[in-house]
Amino acid sequence: MNIRAFFYGVGLQMRLDIRSRTLLVTCYLVPLLFFALMGGIFTSLMPETKATLTQAMTVMGVSMGALIGVPPSLAEVYGTDIKKAYRANGAPLWFGAATVFLSAFFHLFVMSCILLVLSPVLFDAAVPQNLPAYFLSLAVFLLASLSLGTAVGLSVGNQAKLTMISQIFFLPSILLSGILFPISYLPKALEILGWLFPASWGYKLMLDGGLRLSSFLPLCALFAAACAVCVLRLQRLKAKSGTRR
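Mind the numbering: the sequence shown is residues 246 to 490 in our numbering, read in order.
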């Protein structure tokens, strides 16, 4: 596959995702509605949350899009005749996962930028002091979260199970990340469990300005582990496709 065809596929997937109810809801509508509602509640009840509101709402929105929106999109690709169309046209099996991944990255990055702009305007939230470092930490968090969502989508073939398992990853990511209440309030076991998800490290990294390796390296490790799962799952899907010919 040449580069031109690859980027055409990515662009096509971006346009399709805009029309997809699943990704439109999980990448834009729900995160922005949650921000509009909870932003006012948080800043009214706890004015000190203005310092972390942008990062907290971004973690929630990215986690929802990556863990709730991406897996069903992958199930549509690899559980339907779309996969056969890729193979018939000479596209590699990883093409579908790559286009969904990059499209979701683009849409979630746009959503995060909207939150960054609206937070100080609507709720007088603090603006990150070092914006280049903030965007770097956001990009790393996006990569880790989307790789996890991709691994989930490739690993679960049943749509009913996929919805349940996506929630199993999403809910702890939010509840144990520290965006709703400080992690120190949690029992030690739950605090440790929270560090197994990208949301906890992403929130910490964005608060730190993206400059601390203690938060950066764990996200890189989670990204690498999820990518390894994706490669294994794609190899297995390829082997299954080969046996059915």
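We put the CB at the ideal spot given by N, CA and C, even for glycine.
Just so we're clear, the structure is a prediction, and the values are computed from it rather than from any experiment.
Between the C-alpha atoms of F251 and S289, what's the straight-line distance to the nearest angstrom?
47 Å
Beta-carbon separation (whole angstroms), F461 vs V385, contact threshold 8 Å:
6 Å
Every unbroken alpha helix (DSSP H) inside the stretch 401 to 476 [4 residues or more]:
404 to 420, 433 to 439, 443 to 453
Closer than 8 Å is the cut-off here; do at least three beta carbon pairs connect the stretch 441 to 450 with the stretch 405 to 425?
yes
For Q258 versus T395, is the C-beta spacing smaller than 7 Å?
no
K433 versus L479 - alpha carbon distance:
36 Å
When the distance is taken between beta carbons, is L360 closer than 7 Å to T303?
yes
Going by CA-CA distance only, name the one from L261, R264, I286 that's closest to A200.
Residue 200 is absent from the model: the chain starts at 246 and stops at 490.
Relative to the C-alpha of P317, which candidate in F415, L435, S429, S411 has its C-alpha closest?
S411
Rounded straight-line distance, which links the Cα of A281 to that of R481
43 Å
Does DSSP classify G225 as helix, strand or coil?
This structure does not reach residue 225, given that the chain is present from 246 up to 490, and the question cannot be answered.
Could you give the first and the last residue of the continuous alpha helix (DSSP H) run that contains P317?
315 to 323
Under the assumption that L312 contacts V397 (Cβ atoms under 8 Å), give the Cβ distance between them as a whole number of angstroms.
7 Å
Would L467 and P443 be called neighbours here (beta carbons separated by less than 7 Å)?
yes
Taking only heavy atoms of the ligand ATP into account, decide whether any of them is closer than 6 Å to the Cβ of A384.
For the ligand ATP, the structure offers nothing, since it holds no ligand at all.
Reduced DSSP secondary structure (H/G/I, E/B, other) of A336
coil
Do you know how far the Cα of G314 is from the Cα of N403?
15 Å
Over what stretch of residues does the alpha helix (DSSP H) that includes T267 continue unbroken?
266 to 269
Inter-residue Cα distance where the pair is L452 and K485
44 Å
Starting from the N-terminal side, write out each stretch of the alpha helix (DSSP H) that is 4 residues or longer and does not extend beyond the stretch 291 to 317.
298 to 309
Since S392 contacts C475 with CB under 8 Å, what's their CB separation in whole angstroms?
7 Å
Residue of L338, Q374, A301, E321 minimising C-alpha distance to R266:
E321
Quick check on DSSP: helix, strand or coil for A370?
coil
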